[in-house]
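Asker:
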Amino acid sequence: MITIIVHINNEDAVVCEVDEIPDPTHEFLTLQNPRRRDGKDVHYLDEDVTTMLVPWHRVNFVQVLPSGIEEEVMGFVRE
Numbered sequence: 059m060i061t062i063i064v065h066i067n068n069e070d071a072v073v074c075e076v077d078e079i080p081d082p083t084h085e086f087l088t089l090q091n092p093r094r095r096d097g098k099d100v101h102y103l104d105e106d107v108t109t110m111l112v113p114w115h116r117v118n119f120v121q122v123l124p125s126g127i128e129e130e131v132m133g134f135v136r137e
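Residues 59 to 137 in the numbering used here are what the sequence shown lists, from first letter to last.
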């Protein structure tokens, strides 16, 4: 799983997981475990929602967060 932050037009950013890097040729992003940056629930989703679809035209940009493996490599390179 890859953790990303999705910045949606006129909404707070959503932190979530995806199976692979989102493909801009698709019409929707499939987001798993959506939550706010502080870990709280997204106010416009029901409590039990675990997957949400967001149309690409509503997305400003997507940030890809480093995984634990990448952090270890970066730490090693900097030392």
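Cβ coordinates follow ideal geometry from the N, Cα and C atoms, glycine included.
Would you check whether the ligand ZN has a heavy atom nearer than 8 Å to the C-beta of N67?
Answerer: Absence of the ligand ZN is noted for the structure shown, with no ligands found whatsoever.
Asker: Quick check on this structure: which residue in Q90, E69 and Q121 has the alpha carbon closest to the alpha carbon of D153?
Answerer: The question about residue 153 has no answer here: the residues shown for the chain are numbered 59 through 137.
Asker: In the DSSP output, what is T109 paired with across the bridge?
Answerer: Walking along the sequence shown from the start, residue 109 turns up at place 51. DSSP, once it has assigned bridges, lists Q90 as partnering T109.
Asker: What did DSSP end up calling H84 once you bin it into helix, strand or coil?
Answerer: Here residue 84 refers to the residue found at position 26 of the sequence shown. In this structure, H84 counts as coil in the three-state DSSP scheme.
Asker: Alpha carbon to alpha carbon, how far is V117 from R94?
Answerer: As a position in the sequence shown, residue 117 is number 59, starting the count at 1. As a position in the sequence shown, residue 94 is number 36, starting the count at 1. Roughly 15 Å separates the two Cα atoms.
Asker: For a test of the three-state rule: what should DSSP assign to H101, helix, strand or coil?
Answerer: Position 43 of the sequence shown holds residue 101. Looking at H101 - three-state DSSP - the assignment turns out to be coil, as it is neither helix nor strand.
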